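Enquirer: Below are the structure tokens for one structure; questions will follow.
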DNA sequence: ACGGCTCACATTGTCAACAATCGACTGTCT
DNA sequence: AGACAGTCGATTGTTGACAATGTGAGCCGT
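Chains as they are written, first to last, in UniProt numbering: chain A, 1 to 238; chain B, 1 to 238.
Set out below in structure tokens:
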């Protein structure tokens, strides 16, 4: 609609001024604290305490919490309390089974449209992930792996799919982060993702499908085993 | 208070006491108003006005609005305004393409576990839908169709999948409701769903898959055409 | 000693007032 | 006449106080 836009020199790089609104800022901070493990799964969150901690009133904090509830990281019961979501084997199974379907769907969407920039982007993110793994930086590896997979979703341009991925990513990161804190090294080995990317750039869609299925099965199994061990320990410790 | 109710005969059916909290109540009311067409797509929502209208303060209303934003029914830009989401052809394409994938996934999950109660539930919802169509009650038909498909998702017990369906259902209902208001009769004919259910109860998974694909293609095309006509009219009218 | 009741505390839900920001209008300068 | 700066109204963002609700401890009666 008549944007006129004459100049606007290089709009892309400097578009990120703080942009205001506490809500988003707080939500980011809280999310980071949860995924970082500063607040552990199952812990109760009290609005007044957090409000003080963030130095804001309860209003914006409330809205931030509600956003995290929608992301599936928090659970609230009225007039009673709000807790960080707990870790459960069932959830992991659901997340990984869903990822298989969604990721294959993503590749269906983009398969015929894979261009140079897609290939380059994918390889770049694989390199970044590999670098993090080689540097043995687990936290960075988790982020890099999420970005590798996230790039595929983004590339489809399918807004609804991206939304859905966003709603899963948080929980996935929560599990990985917990795994990382417990065992140190977590991520799949390098070659796992090498094969994944190779298939993604190949012309054999069926091979990619089974690679995704295997990839997820491996990841899911690994995470499940970690959780089962954790549960066993919890029972023992109680 | 302290109802003490030792008896509580039949705990399952009466679990739904009002349960308090304005937020949910307002969210329901607002959602209904939007889907009903009382507030039309693209319209601006002003917090103060709605707060008066609902007879509550801006606090709870704000949270209800934020919930609808997460459901994809509203769009807010900070300090500026909140609008009901507009109707777009791209969105419809995305929704229907996603539905194909999700619904096939749902049947994959439940295929081997289809028991008597599943079959009965499915048929019951088909009958309900058929009755609404025969009665030419479009509004009820829309709800019934959503419940038919929703039943499949629910039956999987896959919480994440159900969540995802919930996040799509609102938008889908928005489009159908708009279509209904514009053209009166909207829904696919009876036999479309008859075949769908027949396949869902058969033992031929591949046949079901193609039926779902066709089913969605028909629905998507129909909705798309409606939207294109609407856009053309809008351009003409402007 | 056990079950039920009451009461106080902790926490969330709700409200009305205040501040920050955006968009458009208007008046002025070139 | 055109463009820019300043200002005004509208709307959302934020705040602190107050009300409703759920939970657990302690008390009383049996």
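Just so it is clear, CB atoms sit at the ideal spot from N, CA and C, and this is done for glycine as well. All values reported here derive from a predicted model rather than from experimental measurement.
For residue 41 of chain A, tell me which candidate among A:47, A:48 and A:31 has the shortest Cα-Cα distance.
Expert: With distances taken between Cα atoms, residue 41 of chain A lies closest to A:31.
Enquirer: Would you tell me roughly how many angstroms separate the C-alpha atoms of residue 128 of chain B and residue 136 of chain B, rounded to the nearest one?
Expert: Cα-Cα distance, rounded: 12 Å.
Enquirer: When the Cα of residue 49 of chain A is compared with those of A:89, A:81 and A:118, which residue comes out closest?
Expert: The candidate whose alpha carbon is nearest that of residue 49 of chain A is A:81.
Enquirer: Alpha carbon to alpha carbon, how far is residue 59 of chain B from residue 65 of chain A?
Expert: Each residue's alpha carbon lies about 14 Å from the other.
Enquirer: Using a cut-off of 9 Å between C-beta atoms, extract the partners of residue 95 of chain B located in chain A.
Expert: The contacting residues are 160.
Enquirer: Let's test the definition: count the other Cβ atoms within 10 Å of the Cβ of residue 77 of chain B and tell me whether it reaches 16, buried, or not, exposed.
Expert: Under this definition residue 77 of chain B is an exposed residue.
Enquirer: Per DSSP, what are the beta-bridge partners of residue 76 of chain B in this structure?
Expert: The partner list for residue 76 of chain B (beta bridge, DSSP) reads B:82.
Enquirer: In terms of residues, what are the limits of the alpha helix (DSSP H) holding residue 97 of chain B?
Expert: Its alpha helix (DSSP H) spans residues 89-110.
Enquirer: Give the DSSP-derived three-state secondary structure of residue 20 of chain A in the structure shown.
Expert: Of the three classes helix, strand and coil, the one that applies to residue 20 of chain A here is coil, per DSSP.
Enquirer: Contact between the segment 209-227 of chain A and the segment 97-116 of chain A: three or more CB pairs below 8 Å?
Expert: Contact between the segment 209-227 of chain A and the segment 97-116 of chain A is present, because at least three Cβ pairs lie under 8 Å.
Enquirer: Would you say residue 107 of chain B reaches chain A, if we count a Cβ-Cβ gap shorter than 7 Å as a contact?
Expert: So, not an interface residue.
Enquirer: Per DSSP, residue 45 of chain A forms a beta bridge with which residues?
Expert: Paired residues: A:82.
Enquirer: Quick one: is residue 194 of chain A near chain B, going by C-beta distance under 7 Å?
Expert: Chain B, which has no Cβ nearer than 7 Å to the Cβ of residue 194 of chain A, makes this no.
Enquirer: What's the C-alpha gap between residue 162 of chain B and residue 150 of chain A?
Expert: If I take the Cα positions, the gap works out to 22 Å.
Enquirer: Can you list, in chain order, the residues of the segment 159-179 of chain B whose Cβ is nearer than 9 Å to any Cβ on chain A?
Expert: Listed by position, the residues of the segment 159-179 of chain B near chain A (Cβ gap below 9 Å) are 159, 160, 161, 163, 164, 167, 168 and 171.
Enquirer: Tell me whether residue 39 of chain B sits in a helix, a strand or coil according to DSSP, three-state version.
Expert: Coil.
Enquirer: For a quick check, are the C-beta atoms of residue 216 of chain A and residue 99 of chain A less than 7 Å apart?
Expert: The answer is yes: Cβ separation under 7 Å.
Enquirer: Rounded to whole angstroms, how far is the Cβ of residue 201 of chain A from the Cβ of residue 119 of chain A, which I believe are closer than 8 Å?
Expert: Between residue 119 of chain A and residue 201 of chain A the Cβ distance is about 6 Å, and since that is below 8 Å, they are a contact.
Enquirer: Between residue 94 of chain A and residue 142 of chain A, what straight-line distance do the alpha-carbon atoms span, to the nearest angstrom?
Expert: Straight-line Cα distance between these residues: approximately 20 Å.
Enquirer: Indicate whether at least one CB of chain A lies closer than 7 Å to the CB of residue 98 of chain B.
Expert: Residue 98 of chain B counts as touching chain A.
Enquirer: Kindly give me the distance between the Cβ atoms of residue 92 of chain B and residue 175 of chain B, rounded to whole angstroms, as I take these residues to be in contact under 8 Å.
Expert: Their Cβ separation, rounded to whole angstroms, is 6 Å, which keeps residue 92 of chain B and residue 175 of chain B in contact under 8 Å.
Enquirer: Let me see if you follow: with CB-CB separation under 7 Å, is residue 134 of chain A close to chain B or not?
Expert: Taking Cβ atoms only, chain B never reaches closer than 7 Å to residue 134 of chain A, which makes this a no.
Enquirer: Might you give, ordered along the chain, the residues of its own chain that have their beta carbon closer than 7 Å to the beta carbon of residue 154 of chain B, omitting 5 neighbours on each side?
Expert: Only 162 meet the Cβ criterion.
Enquirer: Could you give the C-beta distance for residue 230 of chain B and residue 61 of chain B, rounded to a whole number, given that I count them as a contact under 8 Å?
Expert: Not confirmed; about 30 Å, so no contact.
Enquirer: According to DSSP, is residue 219 of chain B helix, strand or coil?
Expert: Helix at residue 219 of chain B.
Enquirer: Which chain A residues sit within Cβ distance under 8 Å of residue 20 of chain B?
Expert: The answer, in chain order, is 78 and 79.
Enquirer: Let me see if you follow: with CB-CB separation under 7 Å, is residue 52 of chain B close to chain A or not?
Expert: It does not; no Cβ of chain A falls within 7 Å.
Enquirer: Does DSSP put residue 59 of chain B in a helix, a strand or coil?
Expert: Residue 59 of chain B: helix per DSSP, three-state reduction.
Enquirer: If you draw a straight line from the C-alpha of residue 97 of chain B to the C-alpha of residue 164 of chain B, how long is it?
Expert: Going by the C-alpha atoms only, they are around 14 Å apart.
Enquirer: Using 7 Å as the limit for Cβ to Cβ distance, is residue 156 of chain B near chain A?
Expert: Judged by the 7 Å Cβ criterion, residue 156 of chain B is not in contact with chain A.
Enquirer: Tell me whether residue 136 of chain A sits in a helix, a strand or coil according to DSSP, three-state version.
Expert: Coil at residue 136 of chain A, not helix or strand.
Enquirer: Which residues in the same chain have their Cβ closer than 8 Å to the Cβ of residue 181 of chain B, if we skip the five residues on either side of it in sequence?
Expert: Only 37 meet the Cβ criterion.
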